[in-house]
Ligand SMILES: Cc1ncc(COP(=O)(O)O)c(C=O)c1O
């Protein structure tokens, strides 16, 4: 399947989707976006993603000109135009920029926001990331503070995450685990982090994007009566961690094999995930199976 895109009503192969240079998304990263995926053609958590987009826009003071119906219609037409002939599941990224205007930081009044859509196959992670697990390190780069650029603005400016990831990649690791300026654990470059500390699952409560996969897992753990905590997590507790995994819409529940701390200490976790990680994976994949069974009538293709 070829990646397909949408801009200003035009739908075509991704290399024909061009953003005008005066678009504020291009000039300033002044945009918000969401990514969701389908399972057997059924959009997963579409409404939750849409609500998060509205929240990002609200935090950015951005008016969105396109309504929900226009967005859904454009996404469905973009998927239909892509050649996912075998009904391959799709990754959908939709981005709303504040619009086009003069080269000026202050946005003029009355801008029309621009909708851009990218549809491509759901990423296939290398099997080793699940069979063995990712390697991760804590970079020097700190996560933006909530009162500088709130991580809950899921926006078109990911330079903070790019720099942190680049540092970890330069150290030969797959992923980064960012701390905030106070030394609290926040999140990874595009996923939320979980640890087993003193036999309890812990995920940092703040300073990160409220991931929808994390939210689903929190619900599943509560239903299953599994103990977990969403709380502040100082980095100096990390040496006590016995398991680690990350969550995101495309990674789902992905184990972490090792974590290198800032002082060079390397923590090792069980290959392919320890018991709690495997339990979280099983809870999540059962939920996806149930979701598919109960939502077949909502399939888009
Ligand atoms: C910075 C960041 N944190 C966490 C996540 C995980 O969010 P979700 O579970 O909704 O995919 C993402 C996903 O895009 C992200 O970009």
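Numbering (my numbering), first residue to last: -1 to 299.
We put the beta carbon where it would ideally sit given N, CA and C, even for glycine.
From this set, 101, 63, 106, which residue's C-alpha is nearest residue 93's C-alpha?
As a first step, residue 93 must be located in the chain shown, where it is residue number 95. When only C-alpha atoms are compared, the closest one is 63.
For residue 72, report the span of its alpha helix (DSSP H) as first-last.
Working through the chain shown from its first residue, we reach residue 72 at position 74. First-last of the alpha helix (DSSP H) with residue 72: 66 to 79.
What distance in whole Å lies between the Cβ atoms of residue 191 and residue 244, which are believed to be in contact at a cut-off of 8 Å?
Translated into the one-based positions of the chain shown, residue 244 becomes position 246. Translated into the one-based positions of the chain shown, residue 191 becomes position 193. With 8 Å as the limit, residue 244 and residue 191 qualify as a contact, their Cβ atoms being about 6 Å apart.
Give me the DSSP bridge partner(s) of residue 228.
To locate residue 228, count along the chain shown from 1; it is residue 230. Answer is 201.
Work out the CA separation of residue 225 and residue 159 for me, nearest whole Å.
For the purposes of this step, residue 159 is identified with residue 161 of the chain shown, where counting begins at 1. For the purposes of this step, residue 225 is identified with residue 227 of the chain shown, where counting begins at 1. Approximately 30 Å between the Cα atoms of the pair.
With a threshold of 16 other CB atoms inside 10 Å of the CB of residue 126, please say whether the residue is buried or exposed.
Position 128 of the chain shown, counted from the first residue, corresponds to residue 126. The residue is exposed, with fewer than 16 neighbouring Cβ atoms inside 10 Å.
With the cut-off set at 8 Å, would you say residue 5 and residue 114 are in Cβ contact?
Reading the chain shown from its first residue, position 7 is the one you call residue 5. Reading the chain shown from its first residue, position 116 is the one you call residue 114. If you check the CB distance, residue 5 and residue 114 come in under 8 Å.
Span of the alpha helix (DSSP H) holding residue 167?
Here residue 167 refers to the residue found at position 169 of the chain shown. Where residue 167 is concerned, the enclosing alpha helix (DSSP H) stretches over 157 to 168.
Just confirm the distance between the C-beta atoms of residue 207 and residue 142, as a whole number of angstroms; I'd bet it's less than 8 Å.
As a position in the chain shown, residue 207 is number 209, starting the count at 1. As a position in the chain shown, residue 142 is number 144, starting the count at 1. The C-beta distance from residue 207 to residue 142 rounds to 11 Å, too long to meet the 8 Å contact threshold.
Given 7 Å as the limit, tell me if residue 247 has its C-beta closer than that to any heavy atom belonging to ligand 1.
Residue mapping note: residue 247 aligns to position 249 of the chain shown, counting from 1. Correct: residue 247 has its Cβ closer than 7 Å to ligand 1.
By DSSP's criteria, residue 30 is part of a beta bridge. Which residues make up the other side?
Start at 1 with the first residue of the chain shown, and residue 30 comes out as number 32. Looking at the DSSP assignment, residue 30 forms a beta bridge with 94, 153.
With a threshold of 7 Å (Cβ to nearest heavy atom), would residue 301 be considered close to ligand 1?
Residue 301 falls outside the range modelled here, since the chain spans only -1 to 299, and no answer is possible.
So, residue 194 versus residue 272, is the Cβ gap smaller than 8 Å?
Locating residue 194 in the chain shown gives position 196, counting from the first residue. Locating residue 272 in the chain shown gives position 274, counting from the first residue. For residue 194 and residue 272, yes; Cβs fall inside 8 Å.
Determine whether the beta carbon atoms of residue 259 and residue 144 lie at a separation below 8 Å.
Position 261 of the chain shown, counted from the start, is the residue given in the question as residue 259. Position 146 of the chain shown, counted from the start, is the residue given in the question as residue 144. No, the pair does not count as a contact, with Cβ atoms beyond the cut-off.
For the beta strand (DSSP E) holding residue 46, just list the boundary residues, first then last.
Translated into the one-based positions of the chain shown, residue 46 becomes position 48. Note, residue 46: premise wrong, no beta strand (DSSP E); alpha helix (DSSP H) at 44 to 57.
Output the boundary residues of the alpha helix (DSSP H) element that contains residue 127.
The residue labelled residue 127 in the question sits at position 129 within the chain shown. Its alpha helix (DSSP H) spans residues 126 to 129.
Take the Cβ of residue 288 as the centre, count every other Cβ of all protein chains shown within 10 Å, and call the residue buried at 16 or more, exposed below.
Within the chain shown, numbered from 1, the residue matching residue 288 stands at position 290. So residue 288 counts as exposed.
Taking 7 Å as the cut-off, is the CB of residue 211 close to at least one heavy atom of ligand 1?
Within the chain shown, residue 211 is the residue found at index 213, counting from 1. Yes; taking the cut-off as 7 Å, the Cβ of residue 211 has a heavy atom of ligand 1 nearer than that.
In whole angstroms, what is the alpha-carbon distance linking residue 176 and residue 184?
Position 178 of the chain shown, counted from the first residue, corresponds to residue 176. Position 186 of the chain shown, counted from the first residue, corresponds to residue 184. Taking the straight line from one Cα to the other gives about 6 Å.
Beta carbon of residue 232: closer than 7 Å to some heavy atom of ligand 1?
On the chain shown, residue 232 is found 234 positions in, with the first residue counted as 1. Answer for residue 232: no, Cβ out of range of ligand 1.
State the Cα-Cα distance for the pair residue 269 and residue 106, rounded to the nearest angstrom.
Position 271 of the chain shown, counted from the first residue, corresponds to residue 269. Position 108 of the chain shown, counted from the first residue, corresponds to residue 106. Distance between the alpha carbons of residue 269 and residue 106 is about 54 Å.
Let me check you understand the geometry: is the CB of residue 199 closer than 7 Å to at least one non-hydrogen atom of ligand 1?
Stepping through the chain shown from its first residue, residue 199 is reached at position 201. Not under cutoff, so the answer is no.
Residues in its own chain within less than 7 Å of residue 341 by CB, not counting five upstream and five downstream?
Residue 341 cannot be examined here, being either before or after the span of the chain that is shown, -1 to 299.
Closest by CA to residue 103, which one among 171, 220, 2, 22?
Looking up residue 103 in the chain shown gives position 105. Checked all of 171, 220, 2, 22; the closest Cα to residue 103 is 22.
Count the other CB atoms within 10 Å of the CB of residue 40; is the residue buried (16 or more) or exposed (fewer)?
Along the chain shown, one-based indexing puts residue 40 at 42. Classification for residue 40: buried.
Can you check which of these residues, 152, 108, 110, 82, is closest to residue 120 by C-alpha distance?
Numbered from its first residue, the chain shown carries residue 120 at position 122. That would be 82, whose Cα lies nearest to the Cα of residue 120.
Could you check what DSSP says for residue 274 in three-state terms: helix, strand or coil?
Start at 1 with the first residue of the chain shown, and residue 274 comes out as number 276. Three-state DSSP puts residue 274 in a helix.
Please go through the same chain and pick out, in chain order, the residues whose beta-carbon is closer than 6 Å to the beta-carbon of residue 89, but skip the five residues on each side of it.
As a position in the chain shown, residue 89 is number 91, starting the count at 1. Answer for residue 89: 35, 118, 120, listed in chain order.
Tell me whether residue 269 counts as near ligand 1, meaning its Cβ is closer than 7 Å to at least one heavy atom of that ligand.
For this step, residue 269 is matched to residue 271 along the chain shown. Because no heavy atom of ligand 1 lies under 7 Å away, the Cβ of residue 269 does not count as near it: no.
When every heavy atom of ligand 1 is checked, does at least one fall within less than 7 Å of the C-beta of residue 185?
Mapped onto the chain shown, residue 185 falls at position 187. Because some heavy atom of ligand 1 lies under 7 Å away, the Cβ of residue 185 counts as near it: yes.
Beta-carbon within less than 7 Å of residue 187's beta-carbon, same chain only, minus the 5 sequence neighbours each way: which residues are those?
As a working mapping, residue 187 is identified with position 189 in the chain shown. Cβ contact annotation for residue 187 (same chain, cutoff 7 Å, sequence separation greater than five): 159, 162, 163, 173, 174, in chain order.
Would residue 280 be called buried (16 or more neighbouring beta carbons within 10 Å of its own) or exposed?
Translated into positions along the chain shown, residue 280 becomes position 282. Residue 280 is exposed by the Cβ-count criterion.
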